[in-house]
Amino acid sequence: MSAAAAIAAPPRHSRPSPLNPNATAMASTTKPNAVCTKTHLANLDRILLRPPPLPLPVRPKKALADESGGGDREETAPDSDERRGRRGGLLNALNLSTFLPFTGRPATDEMSPRSLAQMQRLLTLSPRPSPRGTIAAEWRRYHGEGAWKGLVDPLDQNLRREVLRYGDFVQAAYTAFHSMPSSPSHGHGQHRTLVLPDRSYRPTRSLFATSSLSIPPWAQRRSAPKWLTQRTSFAGYVAVCDNEREVRRMGRRDIVIVLRGTATCPEWAENLRTGLVPVSDDDDSDDATAAQNVPKVAKGFLSLYKTAGDHVPSLSDAIVEEVRRLIEVYKGEELSITVVGHSLGASLALLAADELSACLAADAASNSTAADDHQPPPVSVVSFGGPKTGNRAFADRLQHERGVNVLRVVNAGDVVTRVPGLVTPTTMAEGYVHAGGAELTLDSRDSPCLRPDAGPACCHDLEAYLHLLDGFMGSGRPFRADASRSVAGLLVYQRTSVKRAYVERARVLGFEPAAMPRTATANGAGAADGQYGFLASPS
Numbered sequence: 215m216s217a218a219a220a221i222a223a224p225p226r227h228s229r230p231s232p233l234n235p236n237a238t239a240m241a242s243t244t245k246p247n248a249v250c251t252k253t254h255l256a257n258l259d260r261i262l263l264r265p266p267p268l269p270l271p272v273r274p275k276k277a278l279a280d281e282s283g284g285g286d287r288e289e290t291a292p293d294s295d296e297r298r299g300r301r302g303g304l305l306n307a308l309n310l311s312t313f314l315p316f317t318g319r320p321a322t323d324e325m326s327p328r329s330l331a332q333m334q335r336l337l338t339l340s341p342r343p344s345p346r347g348t349i350a351a352e353w354r355r356y357h358g359e360g361a362w363k364g365l366v367d368p369l370d371q372n373l374r375r376e377v378l379r380y381g382d383f384v385q386a387a388y389t390a391f392h393s394m395p396s397s398p399s400h401g402h403g404q405h406r407t408l409v410l411p412d413r414s415y416r417p418t419r420s421l422f423a424t425s426s427l428s429i430p431p432w433a434q435r436r437s438a439p440k441w442l443t444q445r446t447s448f449a450g451y452v453a454v455c456d457n458e459r460e461v462r463r464m465g466r467r468d469i470v471i472v473l474r475g476t477a478t479c480p481e482w483a484e485n486l487r488t489g490l491v492p493v494s495d496d497d498d499s500d501d502a503t504a505a506q507n508v509p510k511v512a513k514g515f516l517s518l519y520k521t522a523g524d525h526v527p528s529l530s531d532a533i534v535e536e537v538r539r540l541i542e543v544y545k546g547e548e549l550s551i552t553v554v555g556h557s558l559g560a561s562l563a564l565l566a567a568d569e570l571s572a573c574l575a576a577d578a579a580s581n582s583t584a585a586d587d588h589q590p591p592p593v594s595v596v597s598f599g600g601p602k603t604g605n606r607a608f609a610d611r612l613q614h615e616r617g618v619n620v621l622r623v624v625n626a627g628d629v630v631t632r633v634p635g636l637v638t639p640t641t642m643a644e645g646y647v648h649a650g651g652a653e654l655t656l657d658s659r660d661s662p663c664l665r666p667d668a669g670p671a672c673c674h675d676l677e678a679y680l681h682l683l684d685g686f687m688g689s690g691r692p693f694r695a696d697a698s699r700s701v702a703g704l705l706v707y708q709r710t711s712v713k714r715a716y717v718e719r720a721r722v723l724g725f726e727p728a729a730m731p732r733t734a735t736a737n738g739a740g741a742a743d744g745q746y747g748f749l750a751s752p753s
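Sequential numbering of the sequence shown, starting at 215, is according to the numbering used here.
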């Protein structure tokens, strides 16, 4: 879509902008979902490499019932299936459905898309990256200098592509974990071969997070897999752009640290440890007044970041060591450091960025001379669905002293972005706040593919975030008509939150998400055949 077309697109929303509450909402003169869905599907016809076969019509439920000989039974089957899928909600996405019973309610559906031919296109698993525009001249701005001013709302198409790529990197971390969740982590210098969705980046090191908590034997169920209660787990990886053409396009060589969200019971238990503690021992103070000015973060997040495993270093040590090594390898080049995370990984990303910026600044100061004023690489954070991590002092230090730029991508319906919500005397006195920077607010209700009553698990799901990001153009604007990200991932991870027309069409095309292997995680996602993940190493 051209820039002129994007500007001319009529606003669909009747509610005010979530990023600018003072803005006056513009009412649409047409039927919102009908126009958006029709345009969304019609424009995709132009990007097809070849015309798709004529789609088979989706048979109504009554016809399906007549063929099966049991009308009432066939009509109620989809609703019961949806109730089973929605039963866990957000807690199911955090792996608690293994231990706790849930109840749910059926949801209503909305208007179905008109063009089933385009639905077939959207159901394909083939990747279709957005056009790559050169950002070399303004790479610092795209990396967060100036807090992404003028790029977020309306959303710049180059920034959209960069953020989508970082989101796919996190999705690869989830898939890698569930490919081999119980794989041994002996020898922190070795890692399995990780296949990334963007081959311009090469993974250089696997990262492991260790909880200081252990699940007692009496709390473990025999039916639960062992990896669900293990203390040390694969948490992400470090990668570097080693494609020279891509380096020239971006204007620098990018080092990325990728961190997934909650996946095991010890990690979930750490999430509940919301007491604020100093980031470092040097920051501790006995004076009550001075203590409020000490940077503090949630105890559980810090525990996962700093605790070393039996055979692996702490996440903190591994990240700092690997980034220092890569900076030495590419010494003399223009470098940037991007820390990316979803959910729990978003909070760990802030901790990593805080430590990295301090360590690299100290390294640069020690290596600088009068003739060469060496500057450390800029550090930025891209977080998806991240909770509040620390107090005001931590947020201020991160933004003003450390110079870390933070882009928070949030879904308006995601409750995780509003926690910790446990009120204690400590949190009331010092308070949790989000890290400063830019905020990009999405809304599940804007999607032509998702049901309007999508539950908390879908609102926190990473694939849903990336789907919404692909269609977001700006506050008060309709869903991007030429958004081409496949909805197959949504059918795999959040099938019951996808409109029924897409689900039925998937069945006609022989794509049955329910039959694909998956394991619930903090993003509701698991390993799926045909996606990137771990490959067995030759050794």
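Positions of the beta carbon are idealized from the N, C-alpha and C atoms, including for glycine.
- Contact check for alanine 512 and tyrosine 451: beta-carbon distance about 24 Å, past the 8 Å limit, so the pair fails to qualify.
- From the listed residues Leu682, Asp577, Gln506 and His525, the smallest Cα separation to valine 534 is found for Asp577.
- For the stretch 437-496, the continuous alpha helix (DSSP H) assignments of 4+ residues that do not extend past its boundaries occur at 458-464 and 479-485, in sequence order.
- Beyond the five residues adjoining it in sequence on each side, alanine 566 comes within less than 8 Å, by CB distance, of Ile471, Leu473, Tyr519, Leu529, Ser530, Ile533 and Val553 in the same chain, given in chain order.
- Of the residues assessed, proline 431 falls on the exposed side of the cut-off, its CB having fewer than 16 other CB atoms within 10 angstroms.
- If the five residues before and after aspartate 628 are omitted, its C-beta is found closer than 7 Å to the C-beta atoms of Gly599, Cys673 and His674, all from its own chain and listed in chain order.
- Counted as a single uninterrupted DSSP element, the alpha helix (DSSP H) harbouring lysine 520 occupies residues 513-520.
- Residue pairing for tyrosine 415: DSSP places it in a beta bridge opposite Cys455.
- For the pair phenylalanine 422 and valine 526, the CB atoms are nearer than the 7 Å cut-off.
- Inter-residue distance for leucine 654 and aspartate 412 is about 23 Å (C-alpha atoms, whole angstroms).
- Between alanine 563 and valine 595 the beta-carbon gap is near 5 Å, inside 8 Å, which marks them as a contact.
- With a minimum length of 4 residues, the unbroken runs of alpha helix (DSSP H) contained wholly in the stretch 549-598 fall at 558-581.
- Taking 7 Å as the cut-off, the beta carbon of proline 590 is found no closer than this to the beta carbon of serine 550.
- Around the beta carbon of lysine 363, a 10 Å sphere encloses fewer than 16 other beta carbons of the protein chains shown; the residue is thus reported as exposed.
- The residues Gly651 and Ala652, in chain order, have a CB closer than 6 Å to that of alanine 361 in the same chain once the five nearest residues on each side in sequence are set aside.
- C-alpha of aspartate 660 to C-alpha of asparagine 619: approximately 28 Å in a straight line.
- Where arginine 622 is concerned, the enclosing beta strand (DSSP E) starts and stops at 619-625.
- About 10 Å separates the Cβ atoms of proline 509 and arginine 616, ruling out a contact at the 8 Å cut-off.
- For leucine 540, the enclosing alpha helix (DSSP H) covers residues 529-543.
- As a beta-bridge residue in DSSP terms, valine 712 pairs with Leu664.
- When Cβ pairs closer than 8 Å are counted between the two stretches, the stretch 691-705 is seen to touch the stretch 675-682, the count reaching three or more.
- DSSP places threonine 655 in the uninterrupted beta strand (DSSP E) bounded by 652-656.
- Straight-line measurement puts the Cα of valine 630 at about 9 Å from the Cα of lysine 602.
- DSSP, read as helix, strand or coil, puts alanine 423 in strand.
- Minimum Cα-Cα distance from serine 396 among the listed residues Lys440, Val461 and Gln613 corresponds to Lys440.
- With 16 or more neighbouring CB atoms inside 10 Å of its own CB, threonine 446 falls in the buried class.
- Under DSSP, valine 647 forms a beta bridge with Gly604.
- DSSP places glutamine 371 in the uninterrupted alpha helix (DSSP H) bounded by 371-393.
- Spanning the alpha carbons of alanine 477 and tryptophan 353 requires a straight line of approximately 34 Å.
- For the pair glutamate 548 and arginine 466, the CB atoms are nearer than the 7 Å cut-off.
- The residue among Leu373, Leu369, Asp367 and Pro368 with its C-alpha nearest the C-alpha of alanine 350 is Leu373.
- Here leucine 486 is exposed: its Cβ has fewer than 16 other Cβ atoms, across all protein chains shown, within 10 Å.
- Per the DSSP secondary-structure output, lysine 510 pairs in a beta bridge with Pro492.
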